[in-house]
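Throughout the sequence shown, residue numbering follows the working numbering, covering 1 to 71 in sequence.
We put the CB at the ideal spot given by N, CA and C, even for glycine.
Predicted model, so just to flag it, every value in this text is computed and none were measured.
Worksheet: one structure, shown below.
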Amino acid sequence: MVVLLRTSVGQSLRDARTSQGRTLRDVARDARVSLGYLSEVERGQKEASSELLNSICSALGLTLSSVISDV
Numbered sequence: 001m002v003v004l005l006r007t008s009v010g011q012s013l014r015d016a017r018t019s020q021g022r023t024l025r026d027v028a029r030d031a032r033v034s035l036g037y038l039s040e041v042e043r044g045q046k047e048a049s050s051e052l053l054n055s056i057c058s059a060l061g062l063t064l065s066s067v068i069s070d071v
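Right, here's the structure in full:
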């Protein structure tokens, strides 16, 4: 089965968020994205731009390169 990159990235972001005990609302606010959009990114339903992914990663205290290398 082929796993899409956006699905793997989304799962990595969700894992990071939940391991920090943070809510979607917290991270969405800090990343300046809508809660719904962040949820769709985490579920692999939206393919976010590199700028948006960087913003989400920054809100989580991660680098985009570390998230990409984990997938």
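Asked                                                                                    : Found
Any contact of the stretch 30-41 with the stretch 49-65, i.e. 3+ C-beta pairs under 8 Å? : yes
Which two residues bound the contiguous alpha helix (DSSP H) that contains E40?          : 35-42
Confirm, please, whether the CB-CB distance from L60 to R6 is below 8 Å.                 : no
Is R29 helix, strand or coil by DSSP?                                                    : helix
Mind checking S66: buried by the 16 CB within 10 Å criterion, or exposed?                : exposed
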